[in-house]
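Please read the structure below before turning to the comments.
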Amino acid sequence: MTRLQAILLENGRIIDPVNRVDKKASLLIEKGKIKAIFTRRQKTSPLPKNLLSIDLQGKWIVPGLIDMHVHLREPGEEHKETIETGTRAAAAGGFTAVACMPNTNPVNDCQSVTRLILEKAENASARVYPVGAISKGLQGESLAEFGEMKKAGAVAVTDDGKPVADSQLMRRALEYSSNHNIMVISHSEDFSLSRNGAMNEGVVSTRMGLRGIPNLAEEVMVYRDLALAEYTGCPIHLAHISTQESIRLIRFAKQKGNPVTAETAPHYFSLTEEAVKDYDTNAKMNPPLRTQKDLEAVIKAISDGTIDVIATDHAPHSVLEKDIEFDQAANGIIGLETSVPLTLALFRKGYIDEARLVELLSANPAKILGVKGGSLSIGSDADIAVIDPEYRFVLHEKDIISKSKNSPFIGAQLQGRALLTICAGRITHNALSA
Amino acid sequence: MSSEYLFAHKHILGLDHLSVPDIEHILNTAESFKEISGRSIKKVPVLRGKTVVTVFFEPSTRTRLSFDIAAKRMSADTFSISASTSSTTKGETLADTAKNIEAMMPDIIIMRHPSSGASNYLANRISTSVINAGDGTHEHPSQGLLDLMTVKEHKGKIKGLKVAIIGDISHSRVAHSDIIGFSKMGANVFVSGPATLIPKKIAHLGATVCRTIEEAVKNADVIMPLRIQKERQNDPLIPSFREYASFFGINRQILQIAKPDAIVMHPGPINRGVELTPDVADSFQSVILGQVTNGVAIRMALMYLVIGGA
Chain R
1 MTRLQAILLE NGRIIDPVNR VDKKASLLIE KGKIKAIFTR RQKTSPLPKN LLSIDLQGKW
61 IVPGLIDMHV HLREPGEEHK ETIETGTRAA AAGGFTAVAC MPNTNPVNDC QSVTRLILEK
121 AENASARVYP VGAISKGLQG ESLAEFGEMK KAGAVAVTDD GKPVADSQLM RRALEYSSNH
181 NIMVISHSED FSLSRNGAMN EGVVSTRMGL RGIPNLAEEV MVYRDLALAE YTGCPIHLAH
241 ISTQESIRLI RFAKQKGNPV TAETAPHYFS LTEEAVKDYD TNAKMNPPLR TQKDLEAVIK
301 AISDGTIDVI ATDHAPHSVL EKDIEFDQAA NGIIGLETSV PLTLALFRKG YIDEARLVEL
361 LSANPAKILG VKGGSLSIGS DADIAVIDPE YRFVLHEKDI ISKSKNSPFI GAQLQGRALL
421 TICAGRITHN ALSA
Chain D
1001 MSSEYLFAHK HILGLDHLSV PDIEHILNTA ESFKEISGRS IKKVPVLRGK TVVTVFFEPS
1061 TRTRLSFDIA AKRMSADTFS ISASTSSTTK GETLADTAKN IEAMMPDIII MRHPSSGASN
1121 YLANRISTSV INAGDGTHEH PSQGLLDLMT VKEHKGKIKG LKVAIIGDIS HSRVAHSDII
1181 GFSKMGANVF VSGPATLIPK KIAHLGATVC RTIEEAVKNA DVIMPLRIQK ERQNDPLIPS
1241 FREYASFFGI NRQILQIAKP DAIVMHPGPI NRGVELTPDV ADSFQSVILG QVTNGVAIRM
1301 ALMYLVIGGA
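Protein chains in written order, with the numbering used here: chain R, 1 to 434; chain D, 1001 to 1310.
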């Protein structure tokens, strides 16, 4: 947490698709801003005094990562995560900003809760963008105060964790969002088809005697949401997409020119329902882990642009909610500290290039939420992640910074991580010496 | 059985984990123990000094009594705990309950629990042997094994037989263990019932799905109607018991399309007049009470084997 006058990131590979930059160069940060980017031959003005120089040979210098789908659990469930611990986990994962979901206690459905979150986030290790509720109390009955929440600092609205079951309310939400220029994020799930489900409905759920959640619980609602977006002409962002047919529907809606964006989470392209075997509650989330064909469809959608964003759906739960009977256990896994290596696996396998990786993890979420960052433009705030794509490690529970340890990747061999994270010129994570 | 065979299971969690030689060995052991229950002094010292605890988080009469009798006939000391349905909001967690019982050094814990995988959960956390007496809609291995034993007793074999299981396959842990067990042992398992009660992927467990009960029962050697669970009827899966009885109930007429020497089984308790007419339940083809007798022998065998009997 050092605040220096100036930092020079030397000899790294600067990848900034927004400015169409991919070159070996140095980046100078001064007074919290990106002051200059120059190659060895371009030695421009004299360098400032009191300069911290960091040699980044072989490392990537990218815009600070932005996770647009995170549960920080504060206020109300501080035993799982707090704004402080959650943003430290974010910084450790290369993130300089997170958008936090409103299903806290109390629900973020009014300006006072939005303000509370922002006050608590003042000294956090990453920028925190509150996402307000679509409906008051997440009850799905009447609209929350989008305008006041936006004015207080909310960047989007969603009832995430629950669907907006009432189609008329969802239509009104989309219509009303246009007055306030605030993005509506949908948790697309037909609850009548998924109720009491504990995992993906299929061979594995049948064998394990667990009630299943069929793909169509997501798909029928994705279709509804896309139809509402088309009808109202209002933008919609679809959260945590997990199935092949959802992707086909989104692709078609985009081809028609509808204002639709979509995200998936690393677990949907890294694991299948097989991970649930032996009733591992760290592989329980909603939507559930699907099958190999869904996983492949998600990867294809990431590479062809149907999916715009990789967001983690970071959902911390303590052992109280996780170390219990599978059907009773809470849904969700943490994700901030594993997003970079899991996404880099797609890069190494050739599904995406470096520029696309930066779009998925930084440029696109910035654009969709209308927030700072996503690029390394001269003069902009210095939100930067330095990634070592080669670093190999085994994820150990003791190394997890998030307050909760509910990850199915504990014990996994991973490759690639954030070495250094800088938020507004401040070093929020530094693993260079390690 | 080859002399090199070793029964290597510390826990009995489901038939899914047992191999064909394992199942054969359990059936053979149970057959040799069955005779004990017919003696005038119904007790052998095999488990003398051993402690068996039964923990039931769901109501049960037959299974619980059967385990208790089995343990006592082997001279074990038995204790039982009843717990109301586990609640994560109040009271003790399952792990704590288990660890507390374990701290009193029992040799075997027998558990029934409403959550699928609860026995696996226990087996992963304690060092005592765990026998699953039914977990959610997952498995009921001792019932599956006693069904195999009963069929083998009456038919002399299991391989090649046609077994028809009728009714609520979705919510039946007995059906799951039976489908896995009978297909593993070479029988041809057919299932039928209201499509709302047949899991879409049940074929992957080894069953053939029939649209009509006639298709399933035709030339069957074994017919097993399952209990329609009245307590599940808040989830409207069938229109009425009357309609169920007339389309999926086992009666004299249906029985006639099975093999003449077909046997009728039922895991109990029976809803007479719903899945099974009283005359069939009490007919000479019914082996339902024989199943119950064999249940004691199977449970004696399981307890003997998990604590290291050969």
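For each residue, glycine too, the CB sits at the ideal point set by N, CA and C.
Does the CB of residue i have a neighbour CB from chain D at under 8 Å?
i, result
"M208 (chain R)", "yes"
"E274 (chain R)", "no"
"V203 (chain R)", "yes"
"G76 (chain R)", "no"
"Y279 (chain R)", "yes"
"Q292 (chain R)", "no"
"M1 (chain R)", "Bear in mind that the predicted position of M1 (chain R) carries a pLDDT of just 44, short of 50, making it unreliable; the figure below should be weighed with that in mind. With 8 Å as the cut-off, M1 (chain R) does not count as an interface residue toward chain D."
"E325 (chain R)", "yes"
"Q328 (chain R)", "yes"
Ordered along the chain, which non-local residues of its own chain (more than five positions away) have a Cβ less than 8 Å from that of residue i?
i, result
"I299 (chain R)", "F269, L346, Y351"
"R1062 (chain D)", "G1268, P1269, V1292, G1295"
"T1089 (chain D)", "The pLDDT assigned to T1089 (chain D) is 44, lower than 50, so where the model puts this residue is not dependable; a value taken from the coordinates is nonetheless given after this. Excluding sequence neighbours, T1089 (chain D) sits near nothing in its chain."
"T85 (chain R)", "I401, S402, K403"
"L143 (chain R)", "I134, S135, K136, L169, R172, A173, Y176"
"V1191 (chain D)", "A1164, I1165, I1166, I1169, A1175, I1179, I1198, I1202, A1207, T1208, V1209, C1210, A1216"
I want to see whether chain R comes within less than 8 Å of residue i, judged by CB atoms only; does it?
i, result
"A1195 (chain D)", "no"
"I1012 (chain D)", "no"
"Y1005 (chain D)", "no"
"T1088 (chain D)", "Bear in mind that a pLDDT of 41 at T1088 (chain D), under 50, signals an unreliable position, so the model cannot answer this."
"D1147 (chain D)", "no"
"S1060 (chain D)", "no"
"L1027 (chain D)", "no"
"L1094 (chain D)", "yes"
"Y1121 (chain D)", "yes"
"R1173 (chain D)", "yes"
"G1136 (chain D)", "yes"
"A1133 (chain D)", "no"
"H1176 (chain D)", "yes"
"D1016 (chain D)", "yes"
Can you list, in chain order, the residues of its chain whose CB lies under 6 Å from that of residue i, leaving out five sequence neighbours each side?
i, result
"V1163 (chain D)", "F1182, A1187, V1189, V1222"
"M1 (chain R)", "At M1 (chain R) the pLDDT is 44, less than 50, meaning the model places this residue with poor confidence; the figure from the coordinates comes in the next sentence. Within the same chain, M1 (chain R) has no close Cβ partners at all."
"L413 (chain R)", "The residue asked about is misnamed: residue 413 (chain R) is Gln in this sequence, not Leu. Once the five neighbours on either side are set aside, the close Cβ partners of Q413 (chain R) are V394."
"I422 (chain R)", "A382, I384"
"P467 (chain R)", "Since the first residue shown for chain R is 1 and the last is 434, residue 467 (chain R) is missing from the structure and cannot be characterised."
"R41 (chain R)", "none"
Near residue i, which residues of its chain fall below 7 Å by C-beta distance, leaving aside the five closest residues on each side in sequence?
i, result
"S194 (chain R)", "I213, A217"
"S1075 (chain D)", "K1043, V1044, P1045, V1046, L1047, R1048"
"T312 (chain R)", "D67, H69, V70, A265, P266, G335, L336, S339"
"S53 (chain R)", "L8, E10"
"E201 (chain R)", "G212, I213, P214"
Using a beta-carbon distance below 8 Å, is residue i in contact with chain C?
i, result
"L1205 (chain D)", "The structure shown contains no chain C; its protein chains are R and D."
What is the residue span of the alpha helix (DSSP H) that residue i lies within?
i, result
"Q244 (chain R)", "244-255"
"D1279 (chain D)", "1278-1281"
"D225 (chain R)", "215-232"
"R88 (chain R)", "83-92"
"L1146 (chain D)", "1141-1155"
Counting along the chain, where does the beta strand (DSSP E) carrying residue i start and finish?
i, result
"L414 (chain R)", "413-423"
"N1294 (chain D)", "Taken as a continuous stretch (DSSP letters only), N1294 (chain D) belongs to no beta strand (DSSP E), being part of the alpha helix (DSSP H) at 1288-1306."
"V62 (chain R)", "60-63"
"M1111 (chain D)", "1108-1113"
"G1100 (chain D)", "Residue 1100 (chain D) is actually Asn in this sequence, not Gly. Careful: N1100 (chain D) lies outside any beta strand (DSSP E), inside the alpha helix (DSSP H) at 1094-1103."
"L52 (chain R)", "51-55"
"M183 (chain R)", "183-186"
### Task
Entirely within the region 104-180 of chain R and at least 4 residues each: give me those alpha helix (DSSP H) ranges in chain order.
111-120, 146-152, 167-180
### Message
Whether or not the region 294-310 of chain R and the region 354-363 of chain R are in contact is what I'm after, with contact meaning three or more pairs of Cβ atoms, one per stretch, closer than 8 Å; do they touch?
### Response
yes
### Task
Inspect the CB distances between the region 384-391 of chain R and the region 109-122 of chain R and report whether three or more fall short of 8 Å.
no
#### Entry: Whole runs of the beta strand (DSSP E) within the region 1209-1266 of chain D, excluding any shorter than 3 residues
1222-1225
### Completely contained alpha helix (DSSP H) runs for the region 1033-1074 of chain D, where each covers 4 or more residues
1062-1073
### Task
Say whether the region 1275-1292 of chain D touches the region 1246-1261 of chain D, bearing in mind that this needs 3 or more beta-carbon pairs closer than 8 Å, one atom from each stretch.
yes
### Meets three-Cβ-pair contact criterion under 8 Å: the region 402-412 of chain R and the region 99-106 of chain R
no
### Query
Contact between the region 1166-1185 of chain D and the region 1140-1155 of chain D: three or more CB pairs below 8 Å?
yes
### Query
Any chance the region 105-118 of chain R sits against the region 71-90 of chain R, with 3 or more Cβ pairs inside 8 Å?
yes
#### Entry: Runs of alpha helix (DSSP H) wholly within the region 355-422 of chain R (minimum 4 residues, chain order)
364-369
#### Entry: the region 1115-1131 of chain D touching the region 1011-1023 of chain D, judged by at least three CB pairs closer than 8 Å
yes
### Task
Mind the definition here: the region 313-323 of chain R touches the region 217-231 of chain R only if three or more C-beta pairs lie below 8 Å; say whether that holds.
no
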